[in-house]
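Here is the structure we will look at, set down as structure tokens.
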Amino acid sequence: MASQLRSDPESVIAACSRLIADGAKPAAERGRALSVRGSGYYYTKRWTLAAQDYDAAIALLPTDEELLLSRSSTALRLGDGTLGRSLIEKVLTLNPSNPDAMWRVGAGYEDAGDYRTAIRFYAMALTIAPRNQYALLFSSTSNQGLRRFDEALKTADALVGLGPDEINLKPYFDYQGNRLDFYFIALKNRARIHWMLGHLDRAEQDLNAAVTYRRSAMSLTARGHLLTYTPGREQQAFADLQEAKSLGSEQYETFFDLGLILAKRQQFREALAEFDRAAGIFPPSGEAVRMRALMHRELGETDLAFDDMIQAVTTEESALKKTVVALRTAGYWRSSEAPDQLTPDFKDAIRACMLDKLCK
609 MASQLRSDPE SVIAACSRLI ADGAKPAAER GRALSVRGSG YYYTKRWTLA
659 AQDYDAAIAL LPTDEELLLS RSSTALRLGD GTLGRSLIEK VLTLNPSNPD
709 AMWRVGAGYE DAGDYRTAIR FYAMALTIAP RNQYALLFSS TSNQGLRRFD
759 EALKTADALV GLGPDEINLK PYFDYQGNRL DFYFIALKNR ARIHWMLGHL
809 DRAEQDLNAA VTYRRSAMSL TARGHLLTYT PGREQQAFAD LQEAKSLGSE
859 QYETFFDLGL ILAKRQQFRE ALAEFDRAAG IFPPSGEAVR MRALMHRELG
909 ETDLAFDDMI QAVTTEESAL KKTVVALRTA GYWRSSEAPD QLTPDFKDAI
959 RACMLDKLCK
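All you need for this note's numbering is the position in the sequence shown, starting with 1, plus 608.
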């Protein structure tokens, strides 16, 4: 059933619906069908329907730990953190040694920036289940948050070492609820650590492996992103990103990195189109809007450049900081700090910068 959920969730939903409608079926069997159909809805991002099915299933199977954790995940997707956490606590009351509940507690701490506490919970989960995919991944990401890259690499190696078949026994969902290949996520995570350690060749090896494993918009974007920032690899980066785009990529990095390469080649109109596409991808990126402003400036479109730069500095802190540095370097702003609000003087400084192509 798990493999069918991955490949064809709609058929699973239909089959479970027929079973649920059969009033002659035992309560436990209908409860399991409701749970599986809920997972089908979860896989297809219909979280309200998933929650309804999980609630109905819990009424029939009140101590099913996996079901309770599935409902917890759905609550978190729907923004109900209180319910999500209470269900995790309920599972730990039923079974204090449930590793999937433990790593979820750790994930809550990681989201709050408390990496040390998160790592303790991941370690507890891994003591019980050393091959738990999520505990390995999140232990790695929390150690990265602490810049303990050697420790991060250990769990990253262990995760990749499970191989694609075992890793993908668990589904991986990104922050938007899109289901991604877990093995690709593992390779990308390890590549990021190698990059941070300065092991560019090893980072590229992991992303080459990702492309070989599954040549997709995501794997090509990941490799193209790395190569964009690797000296002397611009041509291959551009080829990877263009192929990712042709495969229907909806990733921010695809378009932002293409924009960077095109801008470097002084193809400003084409770069503008790529930054415009990047700026439209959720969540909104002030950095993409800032780069779009700079392309408008290169093309002599001063008013559009000014409007975009105002939007950029009010959208993202990093865009604001970069703009203040540019303004100070060019002599249009004296303070080392940005104002708390868009003052007339700050707007005038930005407008002057948008008239000056050397203001960077």
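From the three backbone atoms N, C-alpha and C, an ideal C-beta is built for every residue, glycine too.
Span of the alpha helix (DSSP H), counted from its first residue to its last, around residue i
i       : result
Phe-883 : 876–887
Ala-830 : 825–836
Asp-789 : Taken as a continuous stretch (DSSP letters only), Asp-789 belongs to no alpha helix (DSSP H), as it is neither H nor E.
Tyr-730 : 723–736
Pro-617 : 617–629
Phe-863 : 860–872
Gly-639 : 635–651
Leu-700 : 689–702
Phe-914 : 910–923
Glu-812 : 808–821
Lys-762 : 757–769
Asn-751 : 741–753
Cys-961 : 952–962
Thr-682 : 673–685
Lys-853 : 842–854
Gly-939 : Per DSSP, Gly-939 belongs to no alpha helix (DSSP H) and is neither H nor E.
Glu-976 : In the structure as shown, the chain starts at 609 and stops at 968, and residue 976 therefore has no counterpart that could be examined.
Ala-715 : 707–719
Leu-657 : 655–668
Proximity winner among the options, relative to residue i (alpha-carbon distances)
i       : options                            : result
Leu-835 : Tyr-821, Leu-815, Ser-824          : Leu-815
Gly-639 : Ala-623, Tyr-649, Asp-661, Thr-656 : Asp-661
Ala-794 : Asp-809, Leu-805, Tyr-783, Ala-760 : Ala-760
Glu-895 : Val-819, Glu-774, Ala-927, Met-903 : Ala-927
Gly-714 : Arg-693, Gly-648, Gly-769, Met-903 : Arg-693
Leu-963 : Ile-628, Tyr-940, Pro-952          : Tyr-940
Gly-840 : Lys-872, Asp-773, Leu-950          : Lys-872
Asp-688 : Asp-758, Ala-659, Ala-665          : Ala-659
Asp-884 : Asp-911, Lys-930, Asp-916          : Asp-916
Cβ neighbour criterion (16 or more within 10 Å) applied to residue i
i        : result
Pro-670  : exposed
Thr-923  : buried
Asn-797  : buried
Arg-905  : buried
Asn-751  : buried
Arg-900  : buried
Gln-874  : exposed
Tyr-860  : buried
Trp-789  : Reading off the sequence, residue 789 comes out as Asp, not Trp. With 16 or more Cβ atoms within 10 Å of its Cβ, Asp-789 is classed as buried.
Ser-681  : buried
Arg-877  : exposed
Leu-767  : buried
Pro-617  : buried
Gly-832  : buried
Tyr-649  : buried
Ser-1047 : No answer is possible for residue 1047: the residues shown for the chain start at 609 and end at 968.
Thr-931  : buried
Leu-935  : buried
Asp-758  : exposed
Own chain residues within Cβ distance below 6 Å of residue i, not counting five before or after
i       : result
Tyr-742 : Trp-711
Gly-753 : Tyr-723
Phe-864 : Ala-886, Ala-896
Arg-970 : The question about residue 970 has no answer here: the residues shown for the chain are numbered 609 through 968.
Phe-914 : Arg-959, Met-962
Euclidean distance between Cα positions of residue i and residue j
i       : j       : result
Pro-947 : Gly-888 : 27 Å
Arg-756 : Glu-637 : 47 Å
Arg-898 : Lys-633 : 60 Å
Gln-612 : Arg-626 : 17 Å
Leu-744 : Tyr-730 : 7 Å
Arg-614 : Tyr-651 : 8 Å
Leu-828 : His-802 : 18 Å
Gln-850 : Leu-668 : 51 Å
Pro-892 : Leu-966 : 27 Å
Ser-619 : Pro-779 : 18 Å
Lys-653 : Ala-726 : 27 Å
Arg-685 : Phe-890 : 16 Å
Leu-902 : Lys-853 : 23 Å
Gly-785 : Asp-956 : 42 Å
Ile-869 : Ala-811 : 21 Å
Ala-881 : Gly-631 : 57 Å
Ser-647 : Glu-945 : 49 Å
His-937 : Gly-867 : Note that residue 937 is Thr in the sequence shown here, rather than His. Each residue's alpha carbon lies about 24 Å from the other.
Ala-879 : Leu-907 : 11 Å
Cys-961 : Thr-763 : 47 Å
Phe-846 : Val-933 : 29 Å
Phe-954 : Leu-805 : 39 Å
Same chain, Cβ closer than 7 Å to residue i, five either side skipped, listed in chain order
i       : result
Asn-703 : Glu-673
Pro-707 : Ala-733, Ile-736, Ala-737, Asn-740, Ala-743
Val-699 : Glu-673, Leu-676, Leu-677, Asn-706, Ala-709
Ser-857 : Ala-825, Thr-829
His-664 : Sequence check: residue 664 is Ala here, not His. For Ala-664, where only same-chain residues beyond five positions count, the Cβ hits under 7 Å are Leu-642.
Tyr-791 : Pro-772, Ile-775, Asn-776, Tyr-821
Distance cut-off 7 Å: residue i Cβ against heavy atoms of the ligand SAM
i       : result
Arg-787 : Questions concerning the ligand SAM fall outside what the structure shown contains, since it holds no ligand whatsoever.
Nonlocal neighbours in the same chain, by C-beta distance under 8 Å from residue i, ignoring five residues either side
i       : result
Gly-717 : The residue you asked about is not Gly; residue 717 is Tyr in the sequence shown. The residues are Tyr-723, Thr-725, Ala-726, Phe-729.
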